[in-house]
Each structure stands twice: as C-alpha cells, then as structure tokens.
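This report refers to the structure that appears directly beneath it.
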Amino acid sequence: MHQPSPVPSVSLVVYKGSRGGHNVRAIHHPFSQATIRDLCKAHRDYGRDSPYFRGLLHSDLEAAVVIPADLRQLFSCLMDSTEFKLWEAAWRQLLREALPSLLVDPETIDENGNALTLEHLMGEGRWTDPSDQASGIPIKALMVIREHAVTAFFSMVPDGPVIPYYKIIQGTKEAFTKFVERLTRAIEVQVSEVAVREGILREMVFANANNLCRMAILSLPLDPPPTIQDMLRVCQLKVPFMQGNDQDGKHKTPRVAAISGTQQEHIRRPYAPQRNKCIICQEPGHWANNCPLRDDIELLKKKKGGGGGSGRMGGTGDNSRQLN
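With the UniProt record's numbering, you'll find the sequence shown wraps up at 324, consecutive numbering, no jumps.
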C-alpha cells in the first residue's frame, strides 16, 4: 500500500549535553534537499507573496534553530544571483541596526564571554564555518538573525511600479481582508523599521477603508484603541449586514422617485382644454370670426347673391349666425 511521503522536518542545530550534564555542544545539520525542493516549488508555483509559500517558509524556519550558513543556502535557492546580493545587503543593514540592542543583552554573549560582532551575525570572517556558527552564536542571537533574514527577503521591492502605501484605497466592493493584505505587503516593502509597521498599518487601514468598513470600525470602543484583529473581526461580522441594508435602500429609492416623478408630471403639466376647430377651415387654433378665409368666403357669397338685398341679407344673416 502506498504511503504518503512525510512532510520534511527541519532539524538543523541540535544541542546535546555531556554525560554529566555540565557541557552542551551544538551539532549542525544542513537543510535537507526535500525541504529546499518543497520551498522552491511553492515559491515558483504560488509566488513570494502567496499565503501558502509564506506559511511554509515560516513553519520550516521556526521549527528549528538555524544559523547564517543555513539561511544563505536557502535564500540563494529562492533568488537569482543579483537578487541574492540585494537580499544580503538588506540583511546586513538590518543586523547592523540590531547589533546595539544585542550587545546589552546578557543572553547574547558568545560561549567564550565575548560580545557579538557583525561578523558573528552574518557568518563571515572567522565565523564562516557552520560548526563554529552553531557552537559560538547564542540561540537568542540566532533567532534575531533568522527574523531579519526573512524580513529582508519579503521587503525586497517587486518588479513593476510601486504604489505608495498611503495611496492604497479600499474599493467599494473589495473585501476588507484583501485590502488589509494589499496594504500590509506595501508597508512591508516600503517601511524598513519593523517596529513601526503595525502602527502605520492600523492608521492607513482606518483612513483608506471604504465607507461601510469605516462605519463598522467606528463602532469599536476607542479605549483601548482597536487592533488590526479587532478591525478585521468587526468588518467580518457587521459589513455583510450593512451591505444588505444598503442594497435595500438603493432598490427602494428609485421606486419612490419614479412615483414622485410621475405625480409631478401630472401636477406640473399645464392645463390644455380641448380646442374646437374652426367651422370654416376645419383647423384648430382660432375661431371662425378670425379665420383668414373668412373674407374670401364673404366675397364669394356676395357674388352668388347677385346683389339682391334679401338674398344678401339672408346670406349674410345665416353666415353671421354660423360664424358666431
């Protein structure tokens, strides 16, 4: 029976104690080929910003203690040579900025009691040997090294135009989670200081959310200030109902406007009484006594009357009654 292949585990640095328990030595194991292959495949198939690749990378790296040599090996497989140089420069800068805080931490003294240097953190100089890195760099410092390596990788600017994070606005029909994700990725690339990213994200999410999501966020208590998780939760619960109410209002408003407009048309239409036609020319718009053909008809009747008085009078009298 075919058995599914197990998910490769990462166990890079193992700490073993001596028989008496007084001395602890670190044993280094490099990344397995299966682990690197799976990460490269996920990166190629789904992309660097995909949730699947991000989750797989974080789970593999957080499952064990890794050293600078391991990180170099892994990220060199995920990038071309030029991208790797950019990543290494960004990683170095982050570690340079982190070094002062590590120097004042008693847990980051090396095995000989010496203070850490940038060569320690980068695995350079006399610290290029993986065994020396595993045994000579404190665990807490290794965790910081790993964290900044991942930060440098995801902070690399993608190809194509970059939209400033403060110009990223939620669309009227865009899901709030998708909007937050777009904004998170932009801030991750454009803001190098990790500590301030959360605050910037919280401010931009509220400022650039659409009207419905902003109304939902405003329903949260102000003390303590809402977190991103609070905003995501309230929008997930309330916005669908608010959208339903908004759609009902949009459907009802046109019907009311149509009825109102019809009534206004009846009311505003000027009164136009049914106009009689002229009995002479049979055209509407004037009375018989104002008809332009009246004079011609009168002249014709006089000619037919032969100038007789009674005939003229009778003809004239009959016509007068008809015209009036």
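Note that the Cβ used here is the ideal one computed from N, Cα and C, for glycine as well.
Item                                                                                                                    : Value
Through-space distance from Asp223 to Gly123, alpha-carbon basis                                                        : 46 Å
Own chain residues within Cβ distance below 7 Å of Trp91, not counting five before or after                             : His148, Ala149, Ala152
Through-space distance from Ala69 to Thr35, alpha-carbon basis                                                          : 15 Å
Beta-carbon proximity check, Leu95 vs Phe31, cutoff 8 Å                                                                 : no
Candidates Val144, Ile187, Gly125, of which the one nearest Leu71 by Cα                                                 : Val144
Contacting residues, own chain, Cβ-Cβ under 6 Å from Met242 (five flanking each side not counted)                       : Leu212
Contact the stretch 126-133 vs the stretch 157-177: 3+ CB pairs below 8 Å                                               : no
Ile200 to Ile187 span [Cα, whole Å]                                                                                     : 8 Å
Val157 vs Leu183 beta-carbon contact at 8 Å                                                                             : no
Distance, Gly113 Cα to Leu103 Cα                                                                                        : 12 Å
Neighbourhood of Ala115 by C-beta distance below 6 Å, restricted to the same chain and skipping five residues each side : Leu103
Coarse secondary structure for Thr184, derived from DSSP in three states                                                : helix
Burial state of Ala89 (16 or more Cβ within 10 Å)                                                                       : exposed
Residue-level contact to chain C via CB, Arg197, 8 Å cutoff                                                             : In the structure shown, chain C cannot be found, because there is only a single protein chain.
Enclosing alpha helix (DSSP H) for Leu71 [first to last residue]                                                        : 68-78
The alpha helix (DSSP H) enclosing Asp45, as first and last residue numbers                                             : 33-46
Coil, strand or helix - Gly199 by DSSP                                                                                  : helix
Extent of the continuous alpha helix (DSSP H) run through Ala90                                                         : 81-103
Separation of Lys140 from residue 325, as counted between CA atoms                                                      : There is no way to answer for residue 325, as the model of the chain reaches only from 1 to 324.
Nonlocal neighbours in the same chain, by C-beta distance under 6 Å from Lys238, ignoring five residues either side     : Ala216
Straight-line gap, Glu198 to Gln33 (C-alpha atoms, nearest Å)                                                           : 35 Å
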